[in-house]
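Engineer: Have a look at this one before I ask anything.
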Amino acid sequence: MENFDLAIIGAGPAGYEAAVFAAKQGLKTALIEKSELGGTCLNNGCIPTKTLLHTADLYREMTNQADIIGLDYQALSFDMKKMQLHKQDVIQKLREGIAKLMKMHKVTIIKGCAKIVGEHEIAIQSDEKVENIEAKNILIATGSVPAMPPIKGAELTINSDELLNDENVYEQIAIIGGGVIGIEFAFLYASLGKRVIILEALDRILANMDKEFAQSLKMLLSKRNVEIQTKALVQEISYNEGTKKYNCKYLQKDAEYIISADKVLMAVGRRAYTQNLFADNLSIETDRGKIKVNENYQTNIENIYASGDVIGGIQLAHVATAEAINAVCHMLGRAPIYNMKLIPSCIYTNPEIASVGMTLDEAKAQGINVKTIKYPMGANGKTVLSLQERGFIKIIVNKETDCILGAQMMCAHATDMISQFTQAIQQELTLVDLQKIIFPHPTFNEAIGKAVE
Ligand code: FAD
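Heads up, the sequence shown is in the working numbering, so the first residue is 93 and it goes up one at a time.
In C-alpha cells:
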C-alpha cells in the first residue's frame, strides 16, 4: 500500500490549492478526485458563470450602447451553443493548468471515488478496481452540491449545474431563491433580453448584504425587466402539458399566486457533500450534514482535517482555499497564514458588488463610534467614459482611531478594487494613510483616492 504524508479528497479550490502548498513544503501528497480537476468552482461555479456573464454583459452593452459610442453593426445576436463552447474551452484551459501545476510539484493525482476506511487509510474506487493508500494526515475537501428543498414538484426544476450546461435559452425563467447564485443567473438571463421572475422567501434579496446595496440592486433589476417577489413561499411546482410551461404556486401575505415560466431554476443554497465518504466503523461528527471541525480544521479524529464547502460557513472559493492551506499549516505545526476574520465577498452583477470588513450596522452593533464616507461613481471619469452604471463606494471608518474598518462598493470592477480595502484593513491603515496614495488617472481605482480626500 502506498504511503503519503497527506492525502486530500477532492480537487476543488480547497483540495488542489492545499495540495500545491503541501507539496511545496516537502510533503508527499496525493490528491484524489472522482470527477474533474477544479471542483465546483472551475466546472460548475465561479468560472463558467463568469464566462457566460462576460458574454451576456458584452451583448447587453453593445445592444444598448454601440450607437451612442459610435460603433455600427448590421445586427447583433447571441448563440448559446457557441457561448457554451467558449465556456468549455475556458474550463479546459484552466483544468490543464491545474494538471500541469500538480505535475510540476509532484502531487500524485488519483482518479476515483474515495472512502475513508481507517484513521489513516483510504479506499479509492475507480471503474472496476479498488486501490488503498495510507496517509499520515487526511484532508477532506469534498465540497457541496445544490440543495433541493422538500417542495412538491421540486424534481421538475433544474439546478445551477444543469442550467450552466443548457444550450437552450428560455424566454421566461423563474428563479427560486434571491441569493448570490440566483441573482447572478438573473443578470445573465436579463442581459440576454429574457424575462426573469425571482421568488424569494425572505423580505429582501441578498439578505446577508448591506441593505442599501440590496435596494439599489433591486431597482436595477426591475429596470432590466426582472420581477422580484419577496416573502414569497413556494408551495408547489407543476408542468402544464397544454401551455408547455411550469407553474410555481406561492404564498405571499396569506394570498396564493401562480406564475408560469419556461424553466424553473432552484437556487436555494448548497449542502455539504459527504456521500459514502466514511466506512461504517468510522464515526466523524457532523452538524446537519456539514463536517464539524475545530479552529484548526481538525475533525473529531485529529489527523483527519476538513475544509471548504463541506464544513459549511461562507461557501466561497477563496475561503475554501484559505481554510485548506491553514489546515496544512496546522499539520506542519505552523501558525495559520490567512486571517479568516477578513473575507472579501463579491457578486458578479453589472455593476459588480464587493464588500469587506464591517458594514455600518455591524460596527454600530459592536458599539464602535464610526463615520461613513460615501462616494458616487458618477463623479469618476472612467465610469462616465465607459458608460458604466453609476453606483457608489462606502467606507466605514473608526472615528476614534481613523482606521478603515470596512468597505462596500457597487461599481464596475468593484471585485478587483475591493482588495485595496482588504489590505488597508489587514494593515490597520488610517484614512490619512490612504490619502498618501497616488492613483493613476483615469482609472476606476482613483475613486478610492477621491473618496478619502
Ligand atoms: P468543490 O469545489 O465543490 O470541490 C469538491 C471536489 O470534491 C469535487 O471536484 C468533487 O467531485 C470531489 N469529491 C467529492 N467527493 C469525493 C470523493 N468521495 N472522492 C473523490 N472526490 C470527491 N465562489 C466564489 O468565491 N466566487 C464565485 O464567483 C462563485 N460563483 C459560484 C457560482 C455558482 C453557480 C456556484 C454553484 C458556486 C460558486 N462559488 C463561487 C462557490 C465556489 O464554487 C465554492 O465555494 C468552491 O468551489 C468550494 O470549494 P471546495 O474545494 O470546498 O469544493
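Note that CB positions come from ideal geometry on N, CA and C, so glycine has one too.
Give every residue of the same chain whose Cβ lies closer than 8 Å to the Cβ of A246, excluding the five residues on either side of it in the sequence, and list them in chain order.
Structural biologist: So the qualifying residues of the chain are M240, I329 and M358.
Engineer: Count the C-beta pairs between the stretch 454-465 and the stretch 484-496 that are closer than 8 Å, then say yes if the count reaches three, no if not.
Structural biologist: Short answer: they touch.
Engineer: For C205, which residues from the same chain have a beta carbon less than 6 Å from its beta carbon, with the 5 sequence-adjacent residues on both sides left out?
Structural biologist: Same-chain partners within the cutoff: K126 and Q217.
Engineer: Which residues in the same chain have their Cβ closer than 6 Å to the Cβ of V209, if we skip the five residues on either side of it in sequence?
Structural biologist: So the qualifying residues of the chain are A215 and A371.
Engineer: Say whether the stretch 408-424 touches the stretch 223-231, bearing in mind that this needs 3 or more beta-carbon pairs closer than 8 Å, one atom from each stretch.
Structural biologist: Enough Cβ pairs lie closer than 8 Å, so yes.
Engineer: Quick check for students: name the residue ranges of the beta strand (DSSP E) that lie wholly in the stretch 474-524, counting only runs of 3 or more.
Structural biologist: Qualifying beta strand (DSSP E) stretches, in chain order: 484-490 and 496-503.
Engineer: May I have a chain-ordered list of the alpha helix (DSSP H) segments no shorter than 4 residues that lie completely inside the stretch 397-448?
Structural biologist: Fully enclosed alpha helix (DSSP H) runs of 4 or longer: 409-423.
Engineer: If you draw a straight line from the C-alpha of R363 to the C-alpha of T475, how long is it?
Structural biologist: If I take the Cα positions, the gap works out to 38 Å.
Engineer: Quick check on F96: does DSSP put it in helix, strand or coil?
Structural biologist: Strand.
Engineer: On the criterion of 16 or more Cβ atoms from any shown chain inside 10 Å, does S314 qualify as buried, or is it exposed?
Structural biologist: Under this definition S314 is an exposed residue.
Engineer: Residues in the same chain with beta-carbon distance under 7 Å from I190, minus the five sequence neighbours each way, listed in chain order, please.
Structural biologist: So the list reads Y108, L129 and G130, once near-sequence residues are dropped.
Engineer: Could you have a look at N156 and say whether DSSP puts it in helix, strand or coil?
Structural biologist: Three-state DSSP puts N156 in a helix.
Engineer: Quick one: grab the DSSP three-state call for V261.
Structural biologist: Three-state result, V261: coil.
Engineer: On the DSSP letters alone, give me the boundaries of the alpha helix (DSSP H) that T132 sits inside.
Structural biologist: Run containing T132: G131 to N136, per the alpha helix (DSSP H) assignment.
Engineer: Determine, using beta-carbon pairs with one atom in the stretch 246-260 and one in the stretch 378-386, whether at least three such pairs fall under 8 Å.
Structural biologist: As far as the Cβ criterion goes, the stretch 246-260 does not touch the stretch 378-386, which means the pair count is below three.
Engineer: With 16 as the cutoff for other CB atoms within 10 Å, does V272 come out buried or exposed?
Structural biologist: Result: buried.
Engineer: What are the complete alpha helix (DSSP H) segments, minimum 4 residues, inside the stretch 165-233?
Structural biologist: Those alpha helix (DSSP H) runs which fall completely within the stretch 165-233 and span 4+ residues are 172-196.
Engineer: Compute the Euclidean distance between the alpha carbons of V288 and K198, then round it to the nearest angstrom.
Structural biologist: Going from the Cα of V288 to the Cα of K198 covers about 47 Å.
Engineer: Confirm, please, whether the CB-CB distance from L369 to K207 is below 9 Å.
Structural biologist: Yes, they are a contact pair.
Engineer: Look at the alpha carbon of K337 and the alpha carbon of F277, and state the distance between them as a whole number of angstroms.
Structural biologist: C-alpha separation (whole angstroms): 19 Å.
Engineer: With DSSP as the reference, label F370 as helix, strand or coil.
Structural biologist: Looking at F370 - three-state DSSP - the assignment turns out to be strand.
Engineer: Label P242 either buried or exposed according to how many other C-beta atoms from any shown protein chain fall within 10 Å of its C-beta, with 16 as the threshold for buried.
Structural biologist: Burial call: exposed.
Engineer: Taking the alpha carbon of T143 as the reference point, which residue from L186, L168, N95 and I225 has its own alpha carbon closest?
Structural biologist: Out of L186, L168, N95 and I225, L186 has the C-alpha closest to the C-alpha of T143.
Engineer: Please name the residue in A539, D258, K341 and R296 whose C-alpha comes closest to that of A499.
Structural biologist: When only C-alpha atoms are compared, the closest one is A539.
Engineer: Tell me the residue span of the beta strand (DSSP E) that contains M311.
Structural biologist: From DSSP, M311 is part of no beta strand (DSSP E) but of the alpha helix (DSSP H) over K303 to K315.
Engineer: Are the beta-carbon atoms belonging to E94 and I290 less than 9 Å from one another?
Structural biologist: No, these two residues do not count as a Cβ contact at 9 Å.
Engineer: For Y151, which three-state DSSP category applies?
Structural biologist: DSSP places Y151 in helix when its eight states are reduced to three.
Engineer: Assuming S127 is part of the beta strand (DSSP E), what are its boundary residues?
Structural biologist: First-last for S127: undefined, no H or E at that position.
Engineer: Pick helix, strand or coil for M450, following the three-state DSSP scheme.
Structural biologist: Three-state DSSP puts M450 in coil, outside helix and strand.
Engineer: Could you tell me how far apart the beta carbons of T249 and V112 are, in whole angstroms, since I believe they sit closer than 8 Å?
Structural biologist: Incorrect: roughly 37 Å between the Cβ atoms, too far for contact.
Engineer: Based on Cα-Cα distance, which residue from C133, Y467, T234 and T391 lies nearest to V544?
Structural biologist: For V544, the nearest C-alpha among the options comes from Y467.
Engineer: Going straight from the alpha carbon of E258 to that of A353, what length do you get?
Structural biologist: According to the sequence displayed, residue 258 carries Asp and not Glu. Cα-Cα distance, rounded: 16 Å.
Engineer: Span of the alpha helix (DSSP H) holding S283?
Structural biologist: Per DSSP, S283 belongs to the alpha helix (DSSP H) from V272 to S283.
Engineer: Within the same chain, show all residues whose beta-carbon is closer than 6 Å to that of M194, passing over the 5 residues directly before and after it, in chain order.
Structural biologist: The residues are I201.
Engineer: Which residues bound the alpha helix (DSSP H) around S252?
Structural biologist: Here the alpha helix (DSSP H) through S252 covers S252 to L256.
Engineer: Candidates G449, A266, G541 and E188: which alpha carbon is nearest K341's?
Structural biologist: Looking at the Cα atoms, A266 is the closest of the given residues.
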